Structure formats: C-alpha cells, structure tokens
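Numbering (our numbering), first residue to last: 14 to 178. As structure tokens, the structure follows; a few thoughts come after it.
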C-alpha cells in the first residue's frame with residue numbers, strides 16, 4: 014500500500030521565531046502558525062475558527078525564518094507530519110504531540126500588497142532537486158524558445174475531421 018505524508022499550511026506567525034543551532038551547528042527554529050477558517054454559523058452569521066500549528070524548520074529554511082519572519086507575518090509551509098512521544102517527568106505519563114516538519118517555506122508580504130515585502134528581500138529559490146534527481150524549475154522560469162525547425166505547427170489540417178470516440 015502506498016503512503017503519503019504531506020502537509021500544506023498557510024497562516025500567520027503568532028510570535029517571532031528564535032533561531033538556534035544544535036551542538037553540531039545545524040540551524041533549527043520552531044514557529045507557531047495561526048490558521049483561520051471562516052464559515053457561516055447557524056444564523057448565517059460569519060464565524061471564525063483559529064487553529065494553532067507548531068512547525069519545526071531545519072537548516073536553510075530555519076535560517077530564512079529566523080532572519081526574515083516576525084510575529085504576524087504570513088507564511089506558506091510545505092512539510093510532513095511527525096508524532097513526538099515522551100514520558101512526562103512530573104507525572105510519569107506518556108505524552109504525544111503532533112507537529113509539522115517544514116521542508117519548504119514561502120514568505121508573504123505584510124498587508125497583502127505584493128509590492129511591499131516589509132523591508133525583507135523576496136526569497137528567490139534556485140531549481141531544487143526532488144527525490145528522483147530531477148530538478149524543478151522556479152515558478153517564474155521561462156524555457157528558451159525552440160529552434161524554428163523544431164517548433165510545432167498549430168495547423169491541424171492533416172487531422173481527420175472525425176473524432177474516434
């Protein structure tokens with residue numbers, strides 16, 4: 014049976030991130046997102062529900078969050094779920110917590126104006142490699158034009174008029 018563990022979240026930070034480093038020098042930061050959901054209540058009045066999600070970022074993503082994010086800033090997180098379990102020292106009970114391990118983040122401008130990045134430079138991502146060694150092009154990538162002898166024709170005159178289904 015196939016498995017999939019992928020999460021996409023978009024929300025606002027509830028506090029400034031604190032960048033720290035492990036003893037081996039790996040960057041790590043924890044952020045907390047507030048994600049709002051709006052719906053019509055019983056009287057057709059607009060209702061709001063807020064969900065708080067803890068996200069852990071590692072390496073370069075942690076450094077970007079620590080340097081460019083602040084409380085209230087919008088962020089898009091792509092990641093995976095991880096279940097942490099431990100024994101509570103005070104009560105001796107087993108505890109668990111579900112968190113998101115962020116694998117990629119995108120920063121949003123303050124106030125929704127895409128021309129104002131709140132003083133922070135826009136994060137430009139280079140093509141990144143997926144699990145199969147193929148690279149993914151950035152969203153603003155425009156491939157070079159094909160040579161004229163290889164361009165496809167838009168003339169469908171050689172096709173039959175009948176559709177086979």
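Just so you know, even glycine gets a beta-carbon here, dropped at the ideal spot from N, CA and C. Since the model is a prediction, treat every value here as computed from it, not as a measurement.
Please say whether residue j and residue i have beta carbons closer to each other than 7 angstroms?
i, j, result
"residue 90", "residue 48", "no"
"residue 50", "residue 27", "no"
"residue 22", "residue 42", "no"
"residue 92", "residue 113", "yes"
Can you tell me the Cα-Cα spacing of residue i and residue j, whole angstroms?
i, j, result
"residue 33", "residue 60", "38 angstroms"
"residue 25", "residue 67", "12 angstroms"
"residue 130", "residue 78", "Confidence is the limiting factor: at residue 130 the pLDDT is only 42, short of 50, which leaves the residue's position unreliable and the question unanswerable from this model."
"residue 55", "residue 81", "41 angstroms"
"residue 105", "residue 52", "41 angstroms"
Quick check on this structure: which residue in the options has the alpha carbon closest to the alpha carbon of residue i?
i, options, result
"residue 108", "114, 99 and 115", "99"
"residue 76", "62, 115, 97 and 93", "115"
"residue 16", "29, 120, 94 and 57", "94"
"residue 40", "72, 65, 85 and 31", "72"
"residue 85", "70, 121 and 104", "121"
"residue 111", "29, 65 and 57", "65"
Pull up the DSSP beta-bridge partners for residue i, would you.
i, result
"residue 112", "95"
"residue 67", "45"
For the alpha helix (DSSP H) that contains residue i, what are its first and last residues?
i, result
"residue 76", "72 to 81"
Going by DSSP, what residue range makes up the beta strand (DSSP E) through residue i?
i, result
"residue 23", "20 to 26"
"residue 46", "40 to 53"
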